[in-house]
Amino acid sequence: MVVHSSPLSFQVLFLVLTILLQIESHQIEDVAAKVEHLPGFDGPLPFHLETGYVGLGDTDDDLQVFYYFIKSENDPKNDPLMLWLTGGPGCSSFSGLVYQIGPIKFKIEEYNGSLPNLVLRPQSWTKVSSIIFADLPIGTGFSYAKNVTAHRSHSKLINHTHLFIRKWLLEHPEFLSNKFYMGADSYSGIPAPGVVQEILNGNDQGLQPWINLQGYLLGNPITTGKESNDKMQYTHGMALISDELYLCLSGINPSYILGEDCKVDFLMDDEGTQGRLLTQKLEELFSYHPMGQLPECSQGIACERGMHV
Ligand SMILES: *[C@@H]1O[C@H](CO)[C@@H](O)[C@H](O)[C@H]1NC(C)=O
Ligand SMILES: *[C@@H]1O[C@H](CO)[C@@H](O)[C@H](O)[C@H]1NC(C)=O
Ligand SMILES: *[C@@H]1O[C@H](CO)[C@@H](O)[C@H](O)[C@H]1NC(C)=O
390 MVVHSSPLSF
400 QVLFLVLTIL
410 LQIESHQIED
420 VAAKVEHLPG
430 FDGPLPFHLE
440 TGYVGLGDTD
450 DDLQVFYYFI
460 KSENDPKNDP
470 LMLWLTGGPG
480 CSSFSGLVYQ
490 IGPIKFKIEE
500 YNGSLPNLVL
510 RPQSWTKVSS
520 IIFADLPIGT
530 GFSYAKNVTA
540 HRSHSKLINH
550 THLFIRKWLL
560 EHPEFLSNKF
570 YMGADSYSGI
580 PAPGVVQEIL
590 NGNDQGLQPW
600 INLQGYLLGN
610 PITTGKESND
620 KMQYTHGMAL
630 ISDELYLCLS
640 GINPSYILGE
650 DCKVDFLMDD
660 EGTQGRLLTQ
670 KLEELFSYHP
680 MGQLPECSQG
690 IACERGMHV
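Residue numbering for the sequence shown follows my numbering, starting at 390 and increasing by one per position.
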């Protein structure tokens, strides 16, 4: 049942949810509320935000998935609908909303201990599509189960996400005919294609409701859980490092990056060591600094070898 309540601040909503959580938890299955104000945002929200839970049922563990749903600010009747999983694993989908593609973001200002301010993000993807930001896997954000550790596996995450979207659509039948896309970033690059496969299989088997699946998109994804060396190819492809450095880095493990193009003369002992140091340097840079905010390369080996960041 979808309940559209009168204007409700996020704080009040949170309080209500907290109280409800203490009551028999299956009673709150599939509760949704429109949120019109958020603390830190000046005035009523100029877009349609709904938050709620979808209960996945089926087990004694009372799986409850929390979501934020934002209607397209353009033409929600005809614009696509996207389900977005954010990375981690372990990040609340609120991070995808507020740091990446949603209609609000934190105002960048000196922190003085008060509640952070929120401002609009003009490039929000909700300008052209409706987006469901789901707290999945269970245990992230406000989603929960009686035994969260019992539900930690890719296969369960894929099945939960699949079940979630079908149940969500049952509660929101007005979106059944919209084009549907799966979207994910970072760690969720691993489960997203699996979710899409399950949706396709489910459609083929006649599961209801039918999902109007059009495709999926991945941003900055991890794809296998094992490969992390694609940063080297990416950095080279974006001309952030020189050909020479790329070849040098290739020497660390030729089959890993460049194979036969790697010039063996680079691979003197000390070059190999330098290469390893450079790899570490790159790892550091990419771990701590989002693209576009890389620190000036002041001195040392990276600059000597022509790394322009
Ligand atoms: C902290 O900043 C907020 C605005 O960001 C302002 O409303 C508040 O008065 C400030 N508090 C102090 C103690 O400076
Ligand atoms: C929770 O699930 C894990 C993994 O299945 C299991 O080892 C553990 O005993 C469970 N805990 C409870 C309290 O049921
Ligand atoms: C997920 O669902 C598929 C069927 O779509 C099933 O074969 C598989 O066992 C399920 N995995 C888990 C962990 O429940």
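A virtual CB, placed ideally from N, CA and C, is assigned to each residue, including glycine.
As the structure is a computational prediction, the values presented were derived from the model and not from experiment.
Nonlocal neighbours in the same chain, by C-beta distance under 6 Å from residue i, ignoring five residues either side
i	result
G528	V537
I554	L472
V420	G441 and Y442
F455	Y442, D524, G530, F531 and S532
Q597	none
S518	S461, D468, P469 and M471
A573	L474, A581 and L607
Y635	H625
G595	none
For residue i, three-class secondary structure by DSSP
i	result
A628	coil
S461	coil
I493	strand
D574	strand
F455	strand
Q594	coil
F569	strand
K556	helix
K545	helix
Y533	strand
P435	coil
Y488	helix
G477	coil
V443	strand
V585	helix
L525	coil
L472	strand
D509	One detail in the question is off: residue 509 reads as Leu in this sequence, not Asp. DSSP places L509 in strand when its eight states are reduced to three.
N- and C-terminal bounds of the alpha helix (DSSP H) containing residue i
i	result
F564	Taken as a continuous stretch (DSSP letters only), F564 belongs to no alpha helix (DSSP H), as it is neither H nor E.
Residue span of the beta strand (DSSP E) that contains residue i, given as start and end
i	result
W514	Run containing W514: none; DSSP gives neither H nor E here.
G604	L602 to G608
K466	Premise fails: K466 is in no beta strand (DSSP E) and is neither H nor E.
Contacts around residue i, its chain only, beta-carbon distance under 8 Å, and the 5 residues preceding and following it disregarded
i	result
L539	The displayed chain sequence assigns Ala, not Leu, to residue 539. Hits under 8 Å: D450.
N592	W599, I600 and L602
E498	N506
F522	Y456, Y457, F458, I459, W473, T475, S482, F483, G485, L486 and G491
Test item: CB-CB of residue i and residue j under 7 Å
i	j	result
R510	K496	no
T475	G491	no
G583	I547	yes
G444	Q453	yes
P526	P465	no
G432	L504	no
H551	E587	yes
Cβ shell of residue i (< 7 Å), same chain only, five flanking positions each side left out
i	result
E570	One point to set straight first is that residue 570 is Tyr, not Glu, in the sequence displayed. If we look at Y570 and ignore the five residues flanking it on each side, its Cβ neighbours are P469, M471, Q603, G604, Y605 and L606.
N590	none
Tell me, please, whether the segment 432-439 touches the segment 454-465 by the rule of three or more beta-carbon pairs shorter than 8 Å.
yes
Could you check whether the segment 603-610 touches the segment 569-585, counting it as contact only if at least three pairs of C-beta atoms, one from each stretch, sit closer than 8 Å?
yes
Taking 8 Å as the threshold, find out whether the segment 502-516 comes into contact with the segment 556-564 through three or more Cβ pairs.
no
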